[in-house]
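One structure is given here, and the rest of the page talks about it.
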Amino acid sequence: MELIHIIAIIISFLLAMNIGASNSAAEMAAAYGAGARTKKEAVILIAIFAILGAIISGGAVIKTLGSGLVPAKTFSETFATVFIVIFVATLFIAFANYSRSPIATTHAIVCTIAGVGLYTGGLDTKKLIYIATWWVFTPLISFILNYLFGKYLYFRILHWLTTLGPEEKIKRLLSITITISGCYVAFSAGSNNAANAVGAIVGAGVITQFKGAVLAGFGMGLGAILFGGRILDAVGKGITDIGIVRAISIETTGATIIYIASLMGIPVSLNETITSGIIATSCARTGFKKTAKNEHVLRILFFWFVAPFLAIALSYGLTALWMNLK
1 MELIHIIAII ISFLLAMNIG ASNSAAEMAA AYGAGARTKK EAVILIAIFA ILGAIISGGA
61 VIKTLGSGLV PAKTFSETFA TVFIVIFVAT LFIAFANYSR SPIATTHAIV CTIAGVGLYT
121 GGLDTKKLIY IATWWVFTPL ISFILNYLFG KYLYFRILHW LTTLGPEEKI KRLLSITITI
181 SGCYVAFSAG SNNAANAVGA IVGAGVITQF KGAVLAGFGM GLGAILFGGR ILDAVGKGIT
241 DIGIVRAISI ETTGATIIYI ASLMGIPVSL NETITSGIIA TSCARTGFKK TAKNEHVLRI
301 LFFWFVAPFL AIALSYGLTA LWMNLK
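Dropping the structure here:
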């Protein structure tokens, strides 16, 4: 194996670690914030289920990012495009972590590959439009389901819980359920987001699809263990405003949507899907007008729309620059 390939593998692994760490908030913040799991238990569970998700169900999305949007030869014949994809992805994740902006990393990576394909002439436009359609419907479905839950089912479920017996029994049931839903999110995230780190190097033929899934899975798991605890501290204790029952709804619907997309080979955003559920919960509790005036919500929507276009423009420009320097 050439040195440049080894470097690409190492960088992809580091990218997977970043993704694993940044996903921690969506995966186990509710369980940690509610005291159902300790920080150590939370990050270990995230790691285990992210690895399982990547290995068991990550192949379809890896194939899409490696050869579905642009021909695999785009990456193998011009290996610099692999580094362009990894660089832009790392840039967006770094910006998101630094500014605490809710950027959909998946969107950025897909659009980075699209920018490369747009310049080289190999972009499958129909495939991109199909994926973008999922980007519209996944948060919309998450929003509708969680709004209906918050508006019409939430208080009925609370009433039902009070009939189950002593408070300790109810707490134990909720603790187990929120842990299971968090593990489900971690598994679904592994199955979908693993491709973000290794899609390009698999497309270039550096490693096989299965080895790519294993590499990304372990990278995401290690990232959760090493850095996920800090993110849980930052986000977990703030989740109590949502409540455990609402959090279970948000996590379960989000994980199901993401896993269905994974089985179909569609890269979608964990951040966007889960956040849509949180916004829906706010709308159900305080109304649409009050939620729409929330500066944080407006900021989220702004970055969701702007980030994909920035990714396309940046990768297109970097690809053009490299091709002209050759």
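Residue numbers (my numbering): 1 to 326. A virtual CB, placed ideally from N, CA and C, is assigned to each residue, including glycine.
C-beta atoms of residue i and residue j nearer than 8 Å
i      : j      : result
Lys109 : Val214 : The sequence as given places Ile at residue 109; Lys does not occur at that position. It is not a contact, given that the beta carbons lie outside the stated cut-off.
Ala36  : Ile170 : no
Ser181 : Glu251 : yes
Cys283 : Thr291 : yes
Gly150 : Thr319 : no
Gly68  : Gly265 : yes
Ala31  : Ala42  : yes
Ile278 : Ile242 : yes
Ile201 : Thr105 : no
Lys39  : Leu232 : yes
Ser188 : Gly33  : no
Met17  : Leu164 : no
Cα-Cα separation, residue i to residue j
i      : j      : result
Asn294 : Phe288 : 10 Å
Val136 : Tyr147 : 17 Å
Ala197 : Ala216 : 6 Å
Leu140 : Ile103 : 17 Å
Leu321 : Met28  : 41 Å
Lys126 : Tyr316 : 19 Å
Leu161 : Leu173 : 9 Å
Ser263 : Ser57  : One point to set straight first is that residue 263 is Leu, not Ser, in the sequence displayed. Rounded to the nearest angstrom, the two C-alpha atoms are 7 Å apart.
Asn65  : Phe155 : The sequence given here has Leu at residue 65, not Asn. Their backbone Cα atoms lie some 42 Å apart in a straight line.
Gly59  : Ala72  : 15 Å
Leu325 : Ile144 : 49 Å
Met323 : Lys211 : 30 Å
Ile84  : Leu314 : 9 Å
8 Å contact criterion, which residue i and residue j should meet: CB distance rounded
i      : j      : result
Leu123 : Ala114 : 6 Å
Met220 : Ala195 : With 8 Å as the limit, Met220 and Ala195 do not qualify as a contact, their Cβ atoms being about 11 Å apart.
Gly4   : Phe92  : The sequence given here places Ile at residue 4; Gly does not occur at that position. Incorrect: roughly 23 Å between the Cβ atoms, too far for contact.
Val245 : Ile157 : 6 Å
Cut-off 6 Å between Cβ atoms - residues of its own chain near residue i, not counting five sequence neighbours on either side
i      : result
Pro308 : His107, Cys111
Ile312 : Cys111, Ala114, Gly115
Cys362 : The first residue shown for the chain is 1 and the last is 326, placing residue 362 beyond what the model contains.
Neighbourhood of residue i by C-beta distance below 7 Å, restricted to the same chain and skipping five residues each side
i      : result
Tyr261 : Per the sequence shown, residue 261 should be read as Ala rather than Tyr. Closer than 7 Å at Cβ, skipping near neighbours: Trp134, Thr138, Asn192, Val268.
Ser175 : Ala36
Thr273 : Thr138, Pro139, Ser142, Gly254, Ile257, Ile258
Val206 : His5, Ala8, Ile9
Val185 : Ala26, Glu27, Glu251, Gly254, Ala255
Ile46  : Ser24, Glu27, Met28, Ala186, Ala224, Gly228
Ile351 : Beyond the ends of the chain as shown, which are 1 and 326, falls residue 351; an answer cannot be given.
Own chain, CB closer than 8 Å to residue i, minus 5 neighbours either side, in chain order
i     : result
Thr74 : Thr81, Val116, Gly117, Thr120, Gly122, Gly203
Leu15 : Ile86, Ala89, Thr90, Ile93, Asn196, Ala197, Gly219
Test: residue i CB closer than 8 Å to a CB of chain D
i      : result
Leu128 : Looking at the structure shown, chain D is missing, and only one protein chain is on hand.
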